[in-house]
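>
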Amino acid sequence: MKNDAGSAPENTVRLRAGDTEVTVEPERGCRIASLRIGGTEVLRQGERFGSFVMVPWCGRIRQGRLHSGGETYQLPVDSGEHAIHGTVRRRAWRTARSDERTAAFFCDLTEPWPWPGRVTQLVELAEDGGGLTLTLGVETFGDSFPAQAGWHPWFLRNLGRGGRDVTLDFAPAWQEERGADHVPTGRRTDPGPGPWDDCFGMPEGVDVTLTWPGELELRVTSRCEWVVVYNEQAEAVCVEPQTGPPNGLNTHPRLVTPIDPLEATTTWTWRRPDQELS
């Protein structure tokens, strides 16, 4: 529901610490709609942007066909010939609790996903306002099922203050070869130059630094072993930690069972030129 003052949903949650403000919109897929550091917006604005949750899969599933337990399930095709980015990014989530710096949210998995379950997201702003930690959980209400979890942040290419565009620094172990249909072929190659719409393997954990020269340095880390980097648009760049590669429900299945939920965490830390990076 929209309020009279603008387009933000009525149950928008705002977290504050130091000079940082985080805005979460549960009704719009529990996306991080805004991250303002020292008054400067870091995320691209708009209903499709910010930073959204990818569950129960990340990236594309080839032709929307999920093969599991000897069965084939057809998921809605919503990106060319593929199913993309899961089902919860367009769902309304519920707020479980919130205070000045932390908030917890949940959303149930329902059709068109074949298995009942629940997704949770915990959003935690560091006490000094110098970092943000996001934690996802995926659990089943019954039968085991394959799942992935991840985040799709749209970081502004330029912060709009007269500075230079962002640069990326990361050292992946490999790059997933991308087929003509934009789905990994299963072959691993040496990392190549951008621009990218590609998945990379980082078996020691995701570690990517974005630098807006002279303005801000932001580091994305996670114990996840895959990251998709997308920088083919003029407005923003995406650094997406995730628990498996695109089409990974078919190629790298990780089962969520009644005693073994899926959990994933990413932490963003930042500094301005006169500060030490955490």
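Each number in the numbering used here comes from the position in the sequence shown (counting from 1) with 120 added on. Ideal Cβ positions, reconstructed from N, Cα and C, are used throughout, including at glycine. Quick caveat: nothing in here was measured; it's all calculated off a predicted structure.
Measure the CB-CB distance between Val239 and Thr222 and report whether it falls below 8 Å.
Position 119 of the sequence shown, counted from the first residue, corresponds to residue 239. Position 102 of the sequence shown, counted from the first residue, corresponds to residue 222. No; because the gap between Cβ atoms is not below 8 Å, this pair is not in contact.
> In chain order, what residues of the same chain have a beta carbon less than 7 Å from the beta carbon of Pro381, not counting five sequence neighbours either side?
Taking the sequence shown and counting its residues from 1, one reaches residue 381 at position 261. Result list for Pro381: Gly257, Val258, Glu259, in chain order.
> Who does Cys319 pair with in a DSSP beta bridge?
As a first step, residue 319 must be located in the sequence shown, where it is residue number 199. DSSP, once it has assigned bridges, lists Val348 as partnering Cys319.
> So, is Asp318 buried or exposed, given that buried needs 16 or more other C-beta atoms within 10 angstroms?
Within the sequence shown, residue 318 is the residue found at index 198, counting from 1. That one is buried.
> Which residue's Cα is closest to the Cα of Asp285: His272, Asp228, Arg343, Asn351?
One-based indexing of the sequence shown puts residue 285 at position 165. Taking only the C-alpha atoms, the option nearest Asp285 is Asn351.
> Does the beta-carbon distance from Glu201 to Asp289 come in below 8 Å?
Your numbering for residue 201 matches position 81 in the sequence shown. Your numbering for residue 289 matches position 169 in the sequence shown. No, the pair does not count as a contact, with Cβ atoms beyond the cut-off.
> Going straight from the alpha carbon of Thr389 to that of Arg339, what length do you get?
For this step, residue 389 is matched to residue 269 along the sequence shown. For this step, residue 339 is matched to residue 219 along the sequence shown. Distance between the alpha carbons of Thr389 and Arg339 is about 5 Å.
> Rounded to whole angstroms, what is the Cα-Cα separation between Gly184 and Ala354?
On the sequence shown, residue 184 is found 64 positions in, with the first residue counted as 1. On the sequence shown, residue 354 is found 234 positions in, with the first residue counted as 1. If I take the Cα positions, the gap works out to 29 Å.
> Give a yes or no on contact between the stretch 306–314 and the stretch 200–219, applying the rule of three or more CB pairs nearer than 8 Å.
They do not touch, by the three-pair rule.
> Pop quiz: Ser154 and Glu161 are said to be a contact at Cβ under 8 Å. What is the actual Cβ separation, rounded to whole angstroms?
Position 34 of the sequence shown, counting from 1, holds the residue named residue 154. Position 41 of the sequence shown, counting from 1, holds the residue named residue 161. At roughly 6 Å, the Cβ-Cβ gap stays under 8 Å, so Ser154 and Glu161 are in contact.
> Considering only C-alpha positions, which residue in the set Pro236, Gln241, Pro234, Val173 is nearest to Gln362?
Sequence index remark: in the sequence shown, residue 362 carries index 242 (1-based). It is Val173 whose Cα lies nearest to the Cα of Gln362.
> Starting from the Cα of Thr371, find the closest Cα among Ala267, Glu247, Pro311 and give me that residue.
Locating residue 371 in the sequence shown gives position 251, counting from the first residue. Minimum Cα distance to Thr371 is reached at Ala267.
> How is the alpha helix (DSSP H) around Leu369 delimited, first residue to last?
Here residue 369 refers to the residue found at position 249 when the sequence shown is read from its first residue. Start and end: 368–371.
> Which value, in whole angstroms, describes the spacing of the CA atoms of Thr386 and Pro273?
Mapped onto the sequence shown, residue 386 falls at position 266. Mapped onto the sequence shown, residue 273 falls at position 153. Rounded to whole angstroms, Thr386 to Pro273 spans 11 Å at the Cα level.
> Taking DSSP as the reference, what is the three-state secondary structure of Val133?
For the purposes of this step, residue 133 is identified with residue 13 of the sequence shown, where counting begins at 1. Residue state, collapsed to three classes: strand.
> Closer than 6 Å by C-beta to Leu135: which residues in its own chain qualify, once you throw out the five before and the five after it? Chain order, please.
For the purposes of this step, residue 135 is taken as the residue at position 15 of the sequence shown. Correct list, in chain order: Val142, Arg221, Leu245.
> Quick check on the DSSP output: what are the complete beta strand (DSSP E) runs of length 3 or more inside the stretch 188–223, in order along the chain?
Counting only runs of 3 or more, we get 191–194, 214–218.
> For a test of the three-state rule: what should DSSP assign to Arg392, helix, strand or coil?
Locating residue 392 in the sequence shown gives position 272, counting from the first residue. Coil, per DSSP.
> Does DSSP put Leu270 in a helix, a strand or coil?
The residue labelled residue 270 in the question sits at position 150 within the sequence shown. Per the sequence shown, the amino acid found at residue 270 is Gly instead of Leu. It is a strand residue.
> Please classify Glu145 as buried or exposed, where buried requires at least 16 other C-beta atoms within 10 Å of its C-beta.
Within the sequence shown, the letter at position 25 stands for residue 145. By the neighbour-count rule (16 or more Cβ atoms within 10 Å), Glu145 is buried.
> Could you please give me the residues that DSSP links to Asp380 through a beta bridge?
One-based indexing of the sequence shown puts residue 380 at position 260. Answer is Thr377, bridged to Asp380.
> Measure the CB-CB distance between Thr357 and Phe275 and report whether it falls below 8 Å.
As a working mapping, residue 357 is identified with position 237 in the sequence shown. As a working mapping, residue 275 is identified with position 155 in the sequence shown. It should be noted that the sequence gives Val, not Thr, for residue 357. Closer than 8 Å, so yes.
> Less than 8 Å separating the beta-carbons of Phe320 and Pro292?
Start at 1 with the first residue of the sequence shown, and residue 320 comes out as number 200. Start at 1 with the first residue of the sequence shown, and residue 292 comes out as number 172. The answer is yes: Cβ separation under 8 Å.
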